[in-house]
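**Q**
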Amino acid sequence: MSLISIEHLRKEYPDVTPLLDVSAEIEEGDVIAVIGPSGTGKSTLLRCLNQLEKPTSGRVVLNGEVITDPGCDLSSVRRTMGMVFQSFNLFQNLNIIDNVTYVPVHLLKMPKKQAYKEGMQLLARVGLAGKAESFPEELSGGQKQRAAIARAIAMKPRVLLLDEPTSALDPTMIREIFDRPAKEKTRRFIHRLKSMELEITGPNPDYPEILRKMEEFRRESMISADELRHIILVFEELVMQNIMGVLRPGNEGFPLRMKLDYSEADTSASMELTYGGSAYNPLENGDEISLTIVRKMVSRIEYEYAGENRIRALLGA
Ligand SMILES: Nc1ncnc2c1ncn2[C@@H]1O[C@H](COP(=O)(O)OP(=O)(O)OP(=O)(O)O)[C@@H](O)[C@H]1O
Ligand SMILES: [Mg+2]
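Under this note's numbering, the residues of the sequence shown are numbered 78 to 394, in order.
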């Protein structure tokens with residue numbers, strides 16, 4: 078039995094449905110991160126998990142108990158499942174150590190002395206030992222966030238829900254988290270990848286239209302004018318000067334496709350060209366001057382033929 082089973086969770090608001098159909102099994106000891114753009118429902122999911130929000134349909138089973146059932150004891154759910162809110166929600170009228178010990182002392186009936194000792198250890202762990210007597214308004218955003226994390230851990234919950242646990246921390250701490258994304262969609266989100274595709278279907282393409290599309294993409298993707306010039310130059314030299322000349326209508330060379338990926342995170346662009354017909358490698362057989370220009374503009378370029386011709390070029394960083 079999983080510690081938490083999320084079964085077909087759905088949450089509808091009048092204007093949006095942030096959770097369509099979410100299912101997941103979470104085991105003891107699992108560390109699960111939910112990432113995604115602003116407004117996609119991350120906070121909603123957490124609020125539906127600890128029953129601050131009633132899901133429209135679906136079930137949440139915590140340690141064998143169906144906590145989405147109307148009769149469920151919510152205060153025991155909250156004790157099992159601690160939460161650090163996106164806005165921290167510290168008690169403004171209590172100093173930091175009292176924030177941390179309030180619930181253990183008043184709700185969990187822990188002796189004051191023990192709560193204080195454990196609370197101070199927790200504050201030391203999050204680097205706030207010196208701020209125990211300060212009030213929330215005297216703390217920076219990152220310090221408030223760490224105080225809120227200490228307060229949640231002080232309740233010794235079996236499950237800890239953290240909404241944006243690193244939002245107020247500095248980027249060097251966050252970097253480590255995102256080094257090995259498993260899914261393409263995650264990678265695209267982290268590297269802030271933007272893409273455009275275009276297709277040339279015959280020997281007389283509307284070149285001004287192609288340039289207009291690229292310019293539009295530049296504006297959407299925060300590509301600099303210089304970077305776009307490089308991209309266009311590579312495209313012109315490879316496609317217009319070298320490849321178009323060997324593609325003949327009817328020999329299955331067309332369509333030629335160009336896919337451009339631009340990473341806003343590291344300002345690099347990659348271009349992929351595919352076209353049909355028999356194998357033709359412009360990097361070997363193309364015009365020397367064109368190729369010299371292309372090689373100056375790219376940090377890597379490869380050609381392969383696998384049923385169709387494919388060129389991948391990496392521009393920039
Ligand atoms: N109480 C509410 N009533 C109506 N709509 C809501 C409510 N709470 C959230 N929403 C909407 O649900 C969607 C998801 O919001 P949510 O706060 O879960 O996003 P998020 O992924 O946590 O975003 P962020 O990264 O900005 O924190 C948004 O479109 C939001 O406007
Ligand atoms: Mg949120």
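Backbone N, C-alpha and C define an ideal beta-carbon position, used for all residues, glycine too. Computed from a prediction, not measured in an experiment: that's the story for all the values here.
Counting only runs of 3+ residues fully inside the region 265–352, write out the beta strand (DSSP E) ranges in chain order.
**A** With a minimum length of 3 residues, the continuous beta strand (DSSP E) runs that stay inside the region 265–352 are 270–277, 333–340, 345–352.
**Q** Work out the CA separation of Pro91 and Ile83 for me, nearest whole Å.
**A** Taking the sequence shown and counting its residues from 1, the one referred to as residue 83 is at position 6. Taking the sequence shown and counting its residues from 1, the one referred to as residue 91 is at position 14. Going from the Cα of Ile83 to the Cα of Pro91 covers about 23 Å.
**Q** Could you compute how far the alpha carbon of Ala342 sits from the alpha carbon of Ala225?
**A** Counting from 1 along the sequence shown, the entry for residue 342 is found at position 265. Counting from 1 along the sequence shown, the entry for residue 225 is found at position 148. Each residue's alpha carbon lies about 30 Å from the other.
**Q** Candidates Val137, Lys119, Leu360: which alpha carbon is nearest Leu126's?
**A** Counted from its first residue, the sequence shown places residue 126 at position 49. Comparing Cα positions, the closest option is Val137.
**Q** Looking at C-beta atoms only, is the number of pairs between the region 296–306 and the region 231–245 that lie closer than 8 Å three or more?
**A** Segments in contact, no.
**Q** Under 8 Å by Cβ, that's how I've got Pro132 and Leu97 pegged, so tell me the actual separation to the nearest angstrom.
**A** In the sequence shown, residue 132 corresponds to position 55, counting from 1. In the sequence shown, residue 97 corresponds to position 20, counting from 1. The Cβ separation is near 12 Å, so there is no contact.
**Q** Can you give me the C-alpha to C-alpha distance between Phe364 and Gln318, rounded to a whole angstrom?
**A** Along the sequence shown, one-based indexing puts residue 364 at 287. Along the sequence shown, one-based indexing puts residue 318 at 241. Checking the sequence, you will find Asp at residue 364 rather than Phe. When rounded, the distance between both Cα atoms is 8 Å.
**Q** Here's the rule: buried if 16 or more other CB atoms are within 10 angstroms of the residue's CB, otherwise exposed. What is Met335?
**A** As a first step, residue 335 is located in the sequence shown; it is residue number 258 there, counting from the start. The residue is buried, with at least 16 neighbouring Cβ atoms inside 10 Å.
**Q** Can you tell me which of the three DSSP states Asn172 falls into?
**A** Against the sequence shown, residue 172 aligns to sequence position 95. Note: Asn172 maps to coil in three-state DSSP.
**Q** For Pro147, which option in Phe165, Met160, Gln128 has the closest C-alpha, if you only look at C-alpha atoms?
**A** Looking up residue 147 in the sequence shown gives position 70. Measuring from the Cα of Pro147, the nearest candidate turns out to be Gln128.
**Q** For Ser152, list the residues DSSP reports as bridge partners.
**A** Locating residue 152 in the sequence shown gives position 75, counting from the first residue. Ser152 pairs with nothing; no bridge assigned.
**Q** Should Lys119 be listed as close to ligand 2, given that the test is whether its C-beta is under 7 Å from any heavy atom?
**A** Position 42 of the sequence shown, counting from 1, holds the residue named residue 119. Answer for Lys119: yes, Cβ within range of ligand 2.
**Q** For the beta strand (DSSP E) containing Gly393, list its first residue and its last residue.
**A** For this step, residue 393 is matched to residue 316 along the sequence shown. Gly393 -> beta strand (DSSP E) spans 386–393.
**Q** Given 7 Å as the limit, tell me if Gln318 has its C-beta closer than that to any heavy atom belonging to ligand 2.
**A** Residue 318 sits at position 241 when you count from the first residue of the sequence shown. Gln318 Cβ: outside cutoff for every heavy atom of ligand 2.
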